[in-house]
């Protein structure tokens with residue numbers, strides 16, 4: 174794992190997500206491109222995303238796949254940073270990544 | 003009248019004795035002989051003598067110096083230690099919470115909880131509501147996986163949507179093999195002992211990655227019906243044996259064995275270990291767990307390999323070709339011919355191609371420089387298609403691995419070799435051959451251990467060992483436009499070989515490699531290049547070797563299996579001659595317990611034609 178936001182300012186849930194992403198980044202990317210799947214649900218569980226917000230969570234990640242994974246060289250840490258940034262800028266989802 | 007008096011007296015006697023038994027419990031005199039205590043310390047009766055020895059190979063597991071061989075000394079030492087005042091992580095109550103719980107229960111001691119911060123934190127972290135026995139099935143082209151593998155998953159409460167089972171923890175027991183040990187060393191130490199076995203805890207997603215993604219093994223999840231106190235007892239004992247060494251043995255004290263002990267401890271009286279004889283094949287241990295009524299529910303998690311085969315098979319032919327072309331780089335993921343498809347069809351093609359490339363990168367080591375950018379392009383295209391769910395995974399097989407035929411087979415047959423009549427008895431302790439009922443096993447896979455074929459020639463009243471198979475492995479896996487596995491076989495043992503004048507028993511080693519192609523569902527044709535080596539002083543130079551070929555057709559279904567073909571061997575060392583054979587084997591399955599079999603071979607060897615036929619019955623135990 175890398176990265177800037179990861180560390181003291183992030184919440185524990187984001188760190189758990191980062192650990193999970195680190196070993197499952199390929200599967201998360203796959204589920205994200207399809208807008209559904211067990212690994213995407215696991216991210217939602219780790220971030221504590223409520224059932225009511227799950228659909229928009231999945232949609233935001235699928236819509237922004239190319240932002241989260243801009244190239245095949247994207248590391249899991251960079252992807253985590255991008256996910257956090259995306260969720261922060263989303264009105265209903267920002268509460269799940271608040272530090 | 004007299005009988006009813008006797009009956010009454012018996013009742014009184016029973017009442018008295020059971021009462022006195024109950025009273026004698028607090029006295030520890032016999033408690034060390036209690037099955038639950040023997041299980042908790044992993045004692046097994048000595049083969050010689052009347053004592054016990056614990057299977058734990060770790061001093062830290064014992065409180066008494068003579069604990070390894072003395073259930074009583076260990077019980078006394080444990081009792082003394084847990085009754086010491088105080089608590090905290092180093093107190094015996096915290097190091098051995100399962101023993102503590104059990105002894106307090108049996109001896110009616112005060113059950114005030116001990117303060118064990120480390121253990122409590124660990125148990126809270128595991129947050130276990132139910133326990134699931136997970137069985138990693140064998141995979142077609144990997145006979146070393148044929149026995150399967152088992153581990154336990156600790157499931158969190160499942161009453162809300164806040165659960166992800168892939169995050170659940172698992173308990174497994176495995177050989178801690180040194181990385182530099184060769185395969186042969188691994189096999190040797192595994193059989194005769196020498197590897198430490200360690201109980202470890204890992205998240206389920208790591209296991210899924212290992213078994214499902216890397217080793218291509220389907221996972222069967224057997225949710226056990228343990229109650230909360232039983233689950234707590236299992237965890238308490240897991241804490242006791244975690245990181246403690248129990249030497250690992252492939253055949254008996256293996257991954258499955260230690261888990262059986264954990265279940266026995268969770269639910270005293272289950273005695274799963276009592277089912278273990280000489281070997282504990284994981285798929286058999288799953289049967290025992292099912293038979294003992296421990297299973298609440300069963301779930302199926304197909305491996306990456308099973309899923310990808312299913313998605314490929316679900317594509318129409320022209321889309322299969324398109325997927326194959328994208329994977330090979332002939333067609334770009336965003337090419338016009340892909341985008342011309344409807345959203346749903348496009349999603350299926352992209353998903354299948356991506357999964358296929360991932361599979362090939364894992365299984366066949368496709369170079370990252372090629373696979374990674376292509377995978378990324380596929381996912382980016384796929385993310386543009388909204389609202390199309392991924393394809394349903396493969397359906398659960400109708401017959402689970404634990405529902406296949408039993409692995410111990412005994413066969414009786416009669417036949418004729420040339421003009422000699424014989425009866426034959428075959429004993430095969432394990433495991434499966436391609437002619438056995440295929441349900442619950444991988445098609446085209448065969449693994450036999452220590453099979454003995456003994457013949458009695460009725461005309462001459464002569465008894466002969468026909469063949470003793472040490473190990474025989476065969477793996478026929480069909481090739482197609484997506485997968486190109488090698489079919490292969492290897493075996494060693496002793497067998498009768500024809501020296502022109504006599505049939506002598508000679509050690510042999512054989513192997514082969516080639517390909518197989520599916521002709522229809524359940525039917526494949528194979529072509530294997532073979533090599534044979536025989537060593538015996540009855541051979542002119544002491545040994546002989548033969549390159550050869552084996553061409554045949556295999557058909558497997560739940561009612562019958564057929565194997566037929568031609569083999570040729572060119573013996574080149576001691577005597578230069580050809581050995582040509584045509585063979586046909588048929589098995590008719592009666593359920594999973596019995597089978598009728600017939601074999602016919604016609605052989606041209608030493609310029610002489612000879613036929614052999616055989617007809618008999620298989621029984622599976």
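Residue numbers (our numbering), protein chains in the order written: chain Y, 174 to 272; chain P, 3 to 623. We put the beta carbon where it would ideally sit given N, CA and C, even for glycine. For clarity, every value in this text was computed on a predicted model and none was experimentally measured.
Keeping to the same chain, check which residues put their C-beta closer than 7 Å to that of residue 38 of chain P; ignore five residues upstream and five downstream. Position 36 of the second chain, counted from the first residue, corresponds to residue 38 of chain P. The residues are 104 and 270.
Residue 265 of chain Y - containing alpha helix (DSSP H), residue span: Residue mapping note: residue 265 of chain Y aligns to position 92 of the first chain, counting from 1. Note, residue 265 of chain Y: premise wrong, no alpha helix (DSSP H); not H, not E.
Using CA coordinates, which residue listed in P:199, P:246 and P:365 is at the minimum distance from residue 307 of chain P? For the purposes of this step, residue 307 of chain P is taken as residue 305 along the second chain, with counting starting at 1. Among P:199, P:246 and P:365, the Cα nearest to that of residue 307 of chain P is on P:365.
Scan the region 413–472 of chain P and note each continuous beta strand (DSSP E) run of 3 residues or more that stays entirely inside, going in chain order. 422–430, 432–434 and 447–459
Which runs of the alpha helix (DSSP H) spanning at least 4 residues fall entirely within the region 174–262 of chain Y, listed in chain order? 185–207, 211–220, 227–236, 238–241 and 249–261
Sort Y:206, Y:236 and Y:229 by Cα distance to residue 378 of chain P and report the nearest one. Taking the second chain and counting its residues from 1, the one referred to as residue 378 of chain P is at position 376. Out of Y:206, Y:236 and Y:229, Y:206 has the C-alpha closest to the C-alpha of residue 378 of chain P.
Counting contacts by CB-CB distance shorter than 8 Å, is residue 269 of chain P in contact with chain Y? Counted from its first residue, the second chain places residue 269 of chain P at position 267. No, its Cβ sits nowhere closer than 8 Å to a Cβ of chain Y.
Beta-carbon gap between residue 424 of chain P and residue 417 of chain P smaller than 8 Å: The residue labelled residue 424 of chain P in the question sits at position 422 within the second chain. The residue labelled residue 417 of chain P in the question sits at position 415 within the second chain. Yes, they are a contact pair.
According to DSSP, simplified to helix, strand and coil, what is residue 382 of chain P? The residue you call residue 382 of chain P lines up with position 380 of the second chain. DSSP places residue 382 of chain P in helix when its eight states are reduced to three.
Nearest neighbour of residue 521 of chain P, chosen from P:480, P:250, P:77 and P:176 [CA to CA]: Counting from one through the second chain, the residue named residue 521 of chain P turns up at place 519. Per the Cα distances, P:480.
Runs of beta strand (DSSP E) wholly within the region 571–620 of chain P (minimum 3 residues, chain order): 579–592 and 596–607
Enumerate in chain order the residues of its own chain whose CB-to-CB distance from residue 581 of chain P is below 6 Å, with the five nearest sequence positions on each side excluded. As a position in the second chain, residue 581 of chain P is number 579, starting the count at 1. Around residue 581 of chain P: 571 and 607.
Report the option in P:57, P:489 and P:559 whose CA atom is closest to the CA atom of residue 441 of chain P. As a position in the second chain, residue 441 of chain P is number 439, starting the count at 1. It is P:559 whose Cα lies nearest to the Cα of residue 441 of chain P.
Cβ neighbour criterion (16 or more within 10 Å) applied to residue 240 of chain P: If you number the second chain from 1, residue 240 of chain P lands on position 238. By the neighbour-count rule (16 or more Cβ atoms within 10 Å), residue 240 of chain P is buried.
Considering only residues of the region 217–256 of chain P, which uninterrupted beta strand (DSSP E) runs meet the minimum length of 3 residues and lie entirely inside it, listed in chain order? 221–226
If you drop the 5 nearest sequence neighbours on each side, which residues of the same chain put their C-beta closer than 7 Å to that of residue 117 of chain P? To locate residue 117 of chain P, count along the second chain from 1; it is residue 115. Taken in chain order, the residues that qualify are 89 and 90.
Beta carbon proximity, residue 375 of chain P to chain Y, threshold 8 Å: In the second chain, counting from the first residue as 1, residue 375 of chain P sits at position 373. Interface residue, yes.
Nearest to residue 405 of chain P (by Cα), restricted to the options P:232, P:615 and P:292: Counting from 1 along the second chain, the entry for residue 405 of chain P is found at position 403. With distances taken between Cα atoms, residue 405 of chain P lies closest to P:292.
Run the CB neighbour count on residue 403 of chain P, radius 10 Å, all protein chains shown included, and call it buried at 16 or more, exposed below. Along the second chain, read from residue 1 onward, the residue named residue 403 of chain P stands at position 401. Looking at its Cβ environment, which holds 16 or more other Cβ atoms inside 10 Å, residue 403 of chain P is buried.
Do residue 313 of chain P and residue 354 of chain P have their C-beta atoms within less than 8 Å of each other? Looking up residue 313 of chain P in the second chain gives position 311. Looking up residue 354 of chain P in the second chain gives position 352. In contact: residue 313 of chain P and residue 354 of chain P (Cβ atoms closer than 8 Å).
Just to confirm, are residue 200 of chain P and residue 176 of chain P a CB contact at a threshold of 8 Å? By one-based count along the second chain, residue 200 of chain P stands at place 198. By one-based count along the second chain, residue 176 of chain P stands at place 174. In this structure, residue 176 of chain P lies closer than 8 Å to residue 200 of chain P by Cβ.
Which term fits residue 190 of chain Y, buried or exposed, when burial requires 16 or more other beta carbons within 10 angstroms of its beta carbon? Walking along the first chain from the start, residue 190 of chain Y turns up at place 17. Residue 190 of chain Y should be labelled buried.
Along the region 241–265 of chain Y, where does the CB come closer than 7 Å to a CB of chain P? Name the residues. 242, 244 and 245
Chain P contact residues for residue 214 of chain Y, given Cβ-Cβ distances below 8 Å: Counting from 1 along the first chain, the entry for residue 214 of chain Y is found at position 41. Per Cβ cutoff of 8 Å: 166.
Distance CB(residue 132 of chain P)-CB(residue 225 of chain P) smaller than 8 Å: Translated into positions along the second chain, residue 132 of chain P becomes position 130. Translated into positions along the second chain, residue 225 of chain P becomes position 223. Result yes, Cβ atoms of residue 132 of chain P and residue 225 of chain P sit closer than 8 Å.
Note down the Cα distance separating residue 451 of chain P from residue 437 of chain P, rounded to an integer number of angstroms. Locating residue 451 of chain P in the second chain gives position 449, where the first residue counts as 1. Locating residue 437 of chain P in the second chain gives position 435, where the first residue counts as 1. The straight-line gap from Cα to Cα measures roughly 15 Å.
Tell me which residues share the same chain as residue 299 of chain P and place their Cβ nearer than 6 Å to its Cβ, disregarding the 5 neighbours each side in the sequence. Position 297 of the second chain, counted from the first residue, corresponds to residue 299 of chain P. The residues are 225.
Using DSSP's beta-bridge definition, name the partner residues of residue 137 of chain P. As a first step, residue 137 of chain P is located in the second chain; it is residue number 135 there, counting from the start. The partner list for residue 137 of chain P (beta bridge, DSSP) reads P:152 and P:222.
Just to confirm, are residue 70 of chain P and residue 52 of chain P a CB contact at a threshold of 8 Å? Numbered from its first residue, the second chain carries residue 70 of chain P at position 68. Numbered from its first residue, the second chain carries residue 52 of chain P at position 50. Cβ distance not < 8 Å, so residue 70 of chain P and residue 52 of chain P don't count as in contact.
Interface flag, residue 367 of chain P vs chain Y, CB-CB below 8 Å: For the purposes of this step, residue 367 of chain P is taken as residue 365 along the second chain, with counting starting at 1. Chain Y contact via Cβ: absent.
Measure the alpha-carbon distance for residue 201 of chain Y versus residue 194 of chain Y and round it to whole angstroms. If you number the first chain from 1, residue 201 of chain Y lands on position 28. If you number the first chain from 1, residue 194 of chain Y lands on position 21. If you take the alpha carbons of residue 201 of chain Y and residue 194 of chain Y, they lie about 7 Å apart.
Please identify, using Cβ separations under 7 Å, the residues of the region 226–238 of chain Y that lie next to chain P, in order along the chain. 235 and 238
What's the call for residue 397 of chain P, buried or exposed, on a 16-neighbour Cβ count within 10 Å? Along the second chain, read from residue 1 onward, the residue named residue 397 of chain P stands at position 395. Residue 397 of chain P is exposed by the Cβ-count criterion.
Suppose you measure from the CA of residue 263 of chain P to the CA of residue 42 of chain P; what does that come to, to the nearest Å? For the purposes of this step, residue 263 of chain P is taken as the residue at position 261 of the second chain. For the purposes of this step, residue 42 of chain P is taken as the residue at position 40 of the second chain. Rounded to whole angstroms, residue 263 of chain P to residue 42 of chain P spans 8 Å at the Cα level.
In or out: residue 115 of chain P buried (at least 16 other Cβ within 10 Å) or exposed? If you number the second chain from 1, residue 115 of chain P lands on position 113. With fewer than 16 Cβ atoms within 10 Å of its Cβ, residue 115 of chain P is classed as exposed.
For the region 509–529 of chain P and the region 542–555 of chain P, state whether three or more C-beta atom pairs, one from each stretch, are separated by less than 8 Å. yes
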